[in-house]
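Its first residue numbered 0, the first sequence is counted upward by one per residue in numbering that gives the first Met the number 0.
Here's the structure, in structure tokens; my notes come after.
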Amino acid sequence: MITFQEKVWQATAMIPKGQVNTYGLIARAIKKPLASRAVGQALHCNPHWPQVPCHRVVRGTGEVGGFAGGSKKKIALLRQEGIEIDNERLVNLKDYLYSFDNRRIRLL
DNA sequence: ACGGTGACGCTCA
DNA sequence: TTGAGCGCCACCG
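In structure tokens, the structure reads:
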């Protein structure tokens, strides 16, 4: 059966290069709207790099959030994908946020 | 079964 | 704008 974290990884894998998503939105996408924190835990243990681009998941506030290899590394990766980071810590969600469409979510 | 632990998010001073 | 406080939840010992 598909576990919670597997759903998290699947959802994360859908995020296109050059775009980002948030822990909270992923939680909603997999029908666990209050599990944003658990989503972070799942990504922390992500065993599918780079299939599951966990660096594209940031905080709802726009702050990059944590990263197993250090937030510096996370920022560098996002920049490589063309995402601008303000003040070395903020992502403009208005420009780079990716929205899951209902059709895909159903597959989870 | 139970309690501790975060890559979170929201509220309020 | 910041920081403290607190609720949430899956995972692990």
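No residue lacks a Cβ here, since even glycine has one placed at the ideal position from N, Cα and C.
According to DSSP, is residue i part of a helix, a strand, or is it coil?
i	result
Leu-107	coil
Leu-33	coil
Asp-94	helix
Thr-2	coil
Ile-84	strand
Whole angstroms is fine: what's the gap from residue i's alpha carbon to residue j's?
i	j	result
Cys-44	Gly-65	12 Å
Gly-23	Leu-89	17 Å
Lys-73	Glu-87	11 Å
Thr-2	Gln-9	11 Å
Lys-71	Val-63	9 Å
Taking C-beta to C-beta, are residue i and residue j nearer than 8 Å?
i	j	result
Val-7	Tyr-97	no
Thr-11	Leu-33	no
Ser-35	Ala-26	yes
Ile-84	Tyr-95	no
Asn-91	Gly-61	yes
>> Would you call the stretch 44-55 in contact with the stretch 1-20, where contact means no fewer than 3 C-beta pairs closer than 8 Å?
In response: yes
> Unbroken alpha helix (DSSP H) runs of length 4 or more, entirely within the stretch 29-73: which are they?
Replying inline: 35-43
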